[in-house]
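Trainee: Residue numbers (our numbering): 20 to 361. One structure follows; several queries about it will come next.
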């Protein structure tokens, strides 16, 4: 429970309405709850809840007149996240616990206030830094390192020598450090190229469920600080992803590709191996990227083209049936004219 003025101080907003209003939690505008706070970025398409069914709204100045109790901010979504963090923060710290069924090698280093769940395995010479959380059924391989305050959800696998930085989140089912897809083809078949490198995940990265990030053939696969990766993403060996990228679900990034910082990649995008994507590039969903892109590119389509060009091509494809009929009509007209001139 918090007063409206306390939330306003926390998020740096200006109150319109009763500053002593008690707020019990957060909710959405679509499902309002009494004494809860929601946020609004754009003018509503339906009637807003009444003051009896919703406590307050975080919104921008231009929309502040629409509800009797508001906190006015420049960025309502960001401010709402800050309010959510306040209500979600544990009021009492949960004491760290190492489950009796976990298996921890004698040579492993366990920092202070580390929690390790049931049936987790921490292998030889692995390092778990202070206050990290290892969920049930996780595996942390030999010489792997998990940074301070990092949270591995249940059934995450961090294989040998891989590094995960501080304050990272890795969701269930993800595998960090499996072998890259490297083979040398001969007349006798496909000979495995040994995958001897590692994966380095920098600080403040979040990795969704069931992602696979392959270790490098030689050297390292690296994910830059602050990057956020959705579920079901495949990142191949020796890929380098810059800081603060956003990568949506089912994206596949082939080996040796370099993605610059602050790139946004839509779902199901695919990347040719060995290319470079410049900083601040936006790649639309289902794009097929076969060549390097300069910074600040905006591309879409298969193969990926500058977005406006791709939209023109798509618009023409919608007209193809009509154009084919016109061509057939012209062909018939040409045949008729040829006959008439004989």
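The C-beta atom is built at its ideal place from N, Cα and C for all residues, glycine as well.
Taking all protein chains shown into account, decide if residue 171 is buried (16 or more other Cβ within 10 angstroms of its Cβ) or exposed.
Mentor: Residue 171 is buried by the Cβ-count criterion.
Trainee: Count the CB pairs spanning the stretch 114-122 and the stretch 62-80 that are closer than 8 Å, and state whether there are at least three.
Mentor: Touching, no, given that fewer than three Cβ pairs across the two stretches are closer than 8 Å.
Trainee: Tell me whether residue 95 sits in a helix, a strand or coil according to DSSP, three-state version.
Mentor: Three-state DSSP puts residue 95 in a helix.
Trainee: Just checking my contact of residue 196 with residue 218 at CB under 8 Å: how many whole Å lie between their CB atoms?
Mentor: Right, the Cβ-Cβ distance comes to about 5 Å (below 8 Å), so this counts as a contact.
Trainee: For residue 338, which residues from the same chain have a beta carbon less than 6 Å from its beta carbon, with the 5 sequence-adjacent residues on both sides left out?
Mentor: Excluding positions up to five away in sequence, the list is empty.
Trainee: Let me confirm a value: residue 53 is counted as buried when at least 16 other C-beta atoms fall within 10 Å, else exposed. Which label applies?
Mentor: It counts as exposed.
Trainee: Alpha carbon to alpha carbon, how far is residue 34 from residue 75?
Mentor: Spanning the two alpha carbons is a distance of roughly 10 Å.
Trainee: Would you give the residue range spanned by the alpha helix (DSSP H) that residue 124 belongs to?
Mentor: Note, residue 124: premise wrong, no alpha helix (DSSP H); not H, not E.
Trainee: Here's a check: name, in chain order, each residue in its chain whose Cβ is nearer than 7 Å to the Cβ of residue 82, leaving out the five neighbours to either side.
Mentor: For residue 82, where only same-chain residues beyond five positions count, the Cβ hits under 7 Å are 59, 62.
Trainee: For residue 130 versus residue 142, is the C-beta distance shorter than 8 Å?
Mentor: The answer is no: Cβ separation not under 8 Å.
Trainee: If you follow the alpha helix (DSSP H) that residue 367 is part of, which residue opens it and which one closes it?
Mentor: Lying before the first or after the last residue shown, residue 367 is absent from the chain, which here runs from 20 to 361.
Trainee: For the candidate residues 201, 207, 174, whose alpha-carbon lies nearest to that of residue 192?
Mentor: If we check each option's Cα against that of residue 192, 174 comes out closest.
Trainee: Within its chain, find whatever has a CB closer than 6 Å to the CB of residue 182; leave out the 5 residues flanking it on each side and keep chain order.
Mentor: Around residue 182: 164, 219.
Trainee: To the nearest whole angstrom, what separates the beta carbons of residue 135 and residue 99, a pair I think is in contact under 8 Å?
Mentor: At roughly 34 Å, the Cβ-Cβ gap does not stay under 8 Å, so residue 135 and residue 99 are not in contact.
Trainee: Going straight from the alpha carbon of residue 43 to that of residue 68, what length do you get?
Mentor: Computed Cα separation, rounded: 17 Å.
Trainee: Helix, strand or coil for residue 228, going by three-state DSSP, please let me know.
Mentor: Coil at residue 228, not helix or strand.
Trainee: Could you give the C-beta distance for residue 307 and residue 322, rounded to a whole number, given that I count them as a contact under 8 Å?
Mentor: About 5 Å separates the two Cβ atoms, so the contact holds.
Trainee: Is it buried or exposed for residue 227, if we count other Cβ within 10 angstroms and need 16 for buried?
Mentor: Under this definition residue 227 is a buried residue.
Trainee: Beta carbon of residue 266, beta carbon of residue 232: below 8 Å?
Mentor: No, these two residues do not count as a Cβ contact at 8 Å.
Trainee: Quick one: what's residue 253 bridged to in DSSP?
Mentor: Answer is 231, 271.
Trainee: Could you check if residue 241 is buried or exposed, using at least 16 other CB atoms within 10 Å of its CB as the buried criterion?
Mentor: Looking at its Cβ environment, which holds 16 or more other Cβ atoms inside 10 Å, residue 241 is buried.
Trainee: Could you say which of 188, 290, 56 lies nearest to residue 151 if we only look at CA atoms?
Mentor: When each option's Cα is compared against that of residue 151, the closest is 188.
Trainee: What first and last residue would you give for the alpha helix (DSSP H) that runs through residue 25?
Mentor: Per DSSP, residue 25 belongs to the alpha helix (DSSP H) from 23-30.
Trainee: Could you compute how far the alpha carbon of residue 70 sits from the alpha carbon of residue 268?
Mentor: Cα to Cα, the separation comes out at about 39 Å.
Trainee: Residue 169: buried (16+ other C-beta within 10 angstroms of its C-beta) or exposed?
Mentor: Label assigned to residue 169: buried.
Trainee: Taking the straight line between their C-alpha atoms, what separation do you get for residue 230 and residue 256?
Mentor: Taking the straight line joining both Cα atoms gives about 14 Å.
Trainee: Compute the beta-carbon to beta-carbon distance between residue 245 and residue 224, rounded to the nearest angstrom, for a pair I have assumed lies under 8 Å.
Mentor: Indeed they touch by this definition, with Cβ atoms about 7 Å apart.
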